[in-house]
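Asker:
Residue numbers (our numbering): 143 to 212.
#1: Could you check the C-alpha separation between residue 187 and residue 203 for me, to the nearest Å?
#2: If you draw a straight line from the C-alpha of residue 211 to the C-alpha of residue 200, how long is it?
#3: Buried or exposed: residue 181, going by 16 or more other Cβ atoms within 10 Å of its Cβ?
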(Lines of atoms letter the chains of each structure in order from A and count residues from 1; the text may use other names and numbers.)
(Lines give C-alpha, C1' and ligand atoms only; values in the text may rest on other atoms or scores of the structure.)
Protein backbone atom coordinates (compact mmCIF):
# COMPACT_ATOMS: atom_id res chain seq x y z
CA UNK A 1 0.00 0.00 0.00
CA UNK A 2 1.53 3.33 -1.05
CA UNK A 3 1.74 6.39 1.20
CA UNK A 4 -1.11 8.23 -0.51
CA UNK A 5 -3.50 5.34 -0.05
CA UNK A 6 -2.37 4.85 3.56
CA UNK A 7 -2.88 8.54 4.36
CA UNK A 8 -6.29 8.55 2.73
CA UNK A 9 -7.20 5.44 4.72
CA UNK A 10 -6.07 7.11 7.98
CA UNK A 11 -8.03 10.24 7.17
CA UNK A 12 -11.13 8.20 6.37
CA UNK A 13 -10.72 6.30 9.65
CA UNK A 14 -10.48 9.59 11.55
CA UNK A 15 -13.58 10.84 9.80
CA UNK A 16 -15.41 7.61 10.58
CA UNK A 17 -14.63 8.00 14.29
CA UNK A 18 -16.31 11.39 14.34
CA UNK A 19 -19.11 10.54 11.95
CA UNK A 20 -21.81 11.77 14.31
CA UNK A 21 -20.29 15.25 14.04
CA UNK A 22 -20.06 15.17 10.23
CA UNK A 23 -23.24 15.84 8.29
CA UNK A 24 -22.05 14.38 4.97
CA UNK A 25 -18.87 12.27 5.11
CA UNK A 26 -18.94 11.76 1.33
CA UNK A 27 -17.87 15.40 0.88
CA UNK A 28 -14.78 14.69 2.97
CA UNK A 29 -14.08 11.45 1.14
CA UNK A 30 -14.21 13.19 -2.23
CA UNK A 31 -11.96 15.98 -0.92
CA UNK A 32 -9.45 13.35 0.22
CA UNK A 33 -9.55 11.62 -3.15
CA UNK A 34 -9.13 14.92 -5.02
CA UNK A 35 -6.31 16.25 -2.78
CA UNK A 36 -4.28 13.30 -1.45
CA UNK A 37 -1.07 15.35 -1.18
CA UNK A 38 -2.80 18.07 0.84
CA UNK A 39 -4.34 15.46 3.11
CA UNK A 40 -0.93 13.80 3.58
CA UNK A 41 0.59 17.17 4.51
CA UNK A 42 -2.28 17.87 6.92
CA UNK A 43 -1.83 14.48 8.58
CA UNK A 44 1.92 15.13 8.99
CA UNK A 45 1.18 18.44 10.71
CA UNK A 46 -1.56 16.80 12.77
CA UNK A 47 0.88 14.12 13.97
CA UNK A 48 3.50 16.77 14.74
CA UNK A 49 1.03 18.51 17.05
CA UNK A 50 -0.44 15.39 18.63
CA UNK A 51 2.87 13.80 19.64
CA UNK A 52 3.89 16.61 22.05
CA UNK A 53 0.33 16.73 23.40
CA UNK A 54 0.50 13.01 24.15
CA UNK A 55 3.80 13.51 25.99
CA UNK A 56 2.31 16.38 28.00
CA UNK A 57 -0.70 14.24 28.89
CA UNK A 58 1.58 11.45 30.06
CA UNK A 59 3.58 13.91 32.16
CA UNK A 60 0.39 15.26 33.67
CA UNK A 61 -0.66 11.73 34.63
CA UNK A 62 2.72 11.11 36.26
CA UNK A 63 2.44 14.33 38.27
CA UNK A 64 -1.09 13.41 39.35
CA UNK A 65 0.17 10.03 40.53
CA UNK A 66 3.06 11.64 42.44
CA UNK A 67 0.77 14.20 44.09
CA UNK A 68 -1.73 11.54 45.17
CA UNK A 69 1.00 9.61 47.00
CA UNK A 70 1.53 12.41 49.50
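The beta carbon of each residue, even a glycine, is placed where N, CA and C say it ideally should be. The model shown is predicted, which means the values in this text are computed figures rather than measured ones.
Answerer: The relevant details are as follows:
#1: 25 Å
#2: 17 Å
#3: buried
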